[in-house]
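What follows is a set of notes on a single structure, which appears directly below.
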Amino acid sequence: MPPQRPSANAAMRRFIRRRLPQLLSTEEIKQDMASIQYELALAHQEIQKKQERYALLEEEHGRRINKITHVFVTNITLIDQSESRQQEEYSRLQSRLQRSTGSWDTSHPRQRLLTALHAFHRYKERNLVETKRWRDWYKKIPKKQRSIVESTVKYTRKLNTVEHLFETNEQLAHEIVKHGMHFYNISQAELDQFIKENENKGVNTDKTSVSQAMKHFVRDWADEGYEERQDAFPCVLGTLANMSRTSEQPLRVLLPGAGLGRLAHEVNALDGFEVTMNEWSMYMNLAYRYLSSLSSANSKAFHPYIDWWSHQVTTADLQRSVSFPDTLASSSVLLVEGDFTTVFAEDTGKYDVIVTLFFIDTARNLVSYFENIHRLLRPGGKWINLGPLLYGSAPFLQLSLDEIIALTEHLGFKFQETDASCGDITIPGMTVRGKEVAYARNGKGLSKNAYQAQFWVAQRD
Ligand SMILES: C[S@@+](CC[C@H](N)C(=O)[O-])C[C@H]1O[C@@H](n2cnc3c(N)ncnc32)[C@H](O)[C@@H]1O
40 MPPQRPSANA AMRRFIRRRL PQLLSTEEIK QDMASIQYEL ALAHQEIQKK
90 QERYALLEEE HGRRINKITH VFVTNITLID QSESRQQEEY SRLQSRLQRS
140 TGSWDTSHPR QRLLTALHAF HRYKERNLVE TKRWRDWYKK IPKKQRSIVE
190 STVKYTRKLN TVEHLFETNE QLAHEIVKHG MHFYNISQAE LDQFIKENEN
240 KGVNTDKTSV SQAMKHFVRD WADEGYEERQ DAFPCVLGTL ANMSRTSEQP
290 LRVLLPGAGL GRLAHEVNAL DGFEVTMNEW SMYMNLAYRY LSSLSSANSK
340 AFHPYIDWWS HQVTTADLQR SVSFPDTLAS SSVLLVEGDF TTVFAEDTGK
390 YDVIVTLFFI DTARNLVSYF ENIHRLLRPG GKWINLGPLL YGSAPFLQLS
440 LDEIIALTEH LGFKFQETDA SCGDITIPGM TVRGKEVAYA RNGKGLSKNA
490 YQAQFWVAQR D
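Add 39 to the 1-based position in the sequence shown for this note's numbering, that's all there is to it.
Listed below in structure tokens is the structure:
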């Protein structure tokens, strides 16, 4: 309620009550009247001030209510948008996975999915084949030497323990399969049939891809991967954090070849970005879908290093268990599965930023990657890169850094200045910087393999 004005009549009544019993001169009455008018003027002033203050408060209150409503509505809208993005992409994914889509061969998404499910399913058997080989080799050393080894380091017990730990890891592999079948809608009968046909043909599962996908739980989602992430993430995140944006009009960021997506989630945590990650490998995608389903931190553990015995300080290190996820994945990040060069065919000019982390050197055709990055960015959009030039997978061409710069400048990218904290300038007169960054390193191991990863920010014309 606003404060009420005291009426002039009330003041007059007070005056009569106080003054009537006395005999007053006209002069005295005039003086009294003047002082009462003065009091009334002050009272009016006070009331006016209170009314103004009240109006201000009312305005402020209204603004606050509006703001709270706005934040609330914006958040609900963002949640709705992110849910509908997930749903739309899920139905596109389901349609790509139909057997009738495209030709039914080993590159069909459903075949690649079944192949990866098969490999996770056979996790233990494939690794026990390896430990059996190690046992057989061990038998090749003379009995006398073996008895020394047994009495000092108990090598057979080590083999037994590791075999047992493969069984523990197998539980995780099987959970990944179970979740994957549910997520992608694959029946037990379909998977069994696929496995049977492949095993009858003598097809071997890809043990390395399973192991690499599982080891990415450490790189991306375990406390043990923190240092590695600290090597790689700050320059990318710092560049993004400085970009002007609002939560109502977020910048669209795409991260192709995202692996298990921790960088994508760190970008999402910056706020004001709509984050899409993309990954081709169904081994990675199965692991990521599983990870995204976890609802409590550090609820899972496995023994990531038991499949490679080189560079170990102690056997306890080799056999140690690592728990994950250190933090939970967010449902706002969208994963688009498939080949980066084909799956975004309809998204020309859609993205404000593309971040390539340890990605460009996976290309068979580097030019297609660069053209695609250019096509997907809106004019003026930015390409942020960090990674080495480790060519693999039968590349059609293998370019040096200077050639990459020349080629991408020709395609319409302008390389920008970046912060000195992101490394030393690699080629004098150019802006690309080099920084030592580890990748999938066993933090307690004796091997300290790292890359002189190249960092750049380039703007599309
Ligand atoms: C070296 S890994 C890096 C993963 C992640 N960026 C990281 O730093 O942990 C490269 C990733 O790119 C993926 N990849 C390779 N070719 C791809 C393509 N054409 N489209 C999308 N992803 C691809 C691989 O499956 C792999 O997960």
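Where is the CB? At the ideal position from N, CA and C, for every residue including glycine.
In this structure Glu318 touches Gly298 by the C-beta definition: roughly 7 angstroms separates them, less than 8 angstroms. Fully contained in the segment 413 to 490 are the following beta strand (DSSP E) runs of length 3 or more, in chain order: 416 to 426, 452 to 454, 472 to 477. When only Cα atoms are considered, Leu290 and Ile393 end up about 11 angstroms apart. A direct Cα-to-Cα measurement between Leu415 and His100 gives close to 45 angstroms. Burial check for Met321: the Cβ neighbour count within 10 Å reaches 16 or more, so the residue is buried.
As DSSP reads the structure, Met316 sits in a beta bridge with Leu294, Leu374. Within the segment 171 to 218, the alpha helix (DSSP H) runs of at least 4 residues that lie entirely inside it are, in chain order, 182 to 192. The distance from the Cβ of Pro364 to that of Ala326 is about 11 angstroms, inconsistent with a contact at the 8 angstroms cut-off. Per DSSP, the unbroken alpha helix (DSSP H) holding Lys254 starts and ends at 246 to 260.
Judged by their CB atoms, Leu429 and Asp400 are nearer to each other than the 8 angstroms cut-off. With respect to the C-alpha of Asn281, the residue from Ser142, Glu475, Met72, Thr457 having the closest C-alpha is Thr457. Here Asn424 has Thr395, Trp495 as same chain residues with Cβ atoms under 6 angstroms from its own Cβ, once five neighbours each way along the sequence are excluded.
Exclusion of the five residues before and after Val216 leaves Leu156, Phe159, His160 as the residues of its chain whose Cβ lies within less than 7 angstroms of its Cβ. Minimum Cα-Cα distance from Glu313 among the listed residues Ser286, Gly296, Leu330 corresponds to Ser286. Taking a contact as a CB-CB distance under 8 angstroms, the pair Tyr329 and His221 does not count as one, their CB atoms being some 10 angstroms apart. Here Lys235 is exposed: its Cβ has fewer than 16 other Cβ atoms, across all protein chains shown, within 10 Å. Ranked by how close their Cα comes to the Cα of Ala433, the residues Leu405, Pro427, Phe454 have Leu405 in first place. Secondary structure at Tyr390: strand, using DSSP grouped into helix, strand and coil.
In terms of CA proximity to Lys197, Ala355 leads the group Gly377, Ser369, Ala355, Gly419. Between Val471 and Lys254, the alpha-carbon positions lie close to 30 angstroms from each other. Excluding its 5 nearest sequence neighbours in each direction, Arg151 has C-beta neighbours in its own chain below 8 angstroms: Thr145, Met321, listed in chain order. Nearest Cα to Ala308 within the set Leu333, Ser371, Gln133: Ser371. Per the DSSP secondary-structure output, Trp143 pairs with nothing in a beta bridge.
The DSSP-derived three-state label of Arg161 is coil. The distance from the Cβ of Phe379 to that of Gly296 is about 7 angstroms, consistent with a contact at the 8 angstroms cut-off. Per DSSP, reduced to three states, the secondary structure at Arg499 is strand. Considering only Ala459, Arg417, Gly468, Lys421, the residue with the shortest C-alpha distance to Asp441 is Gly468.
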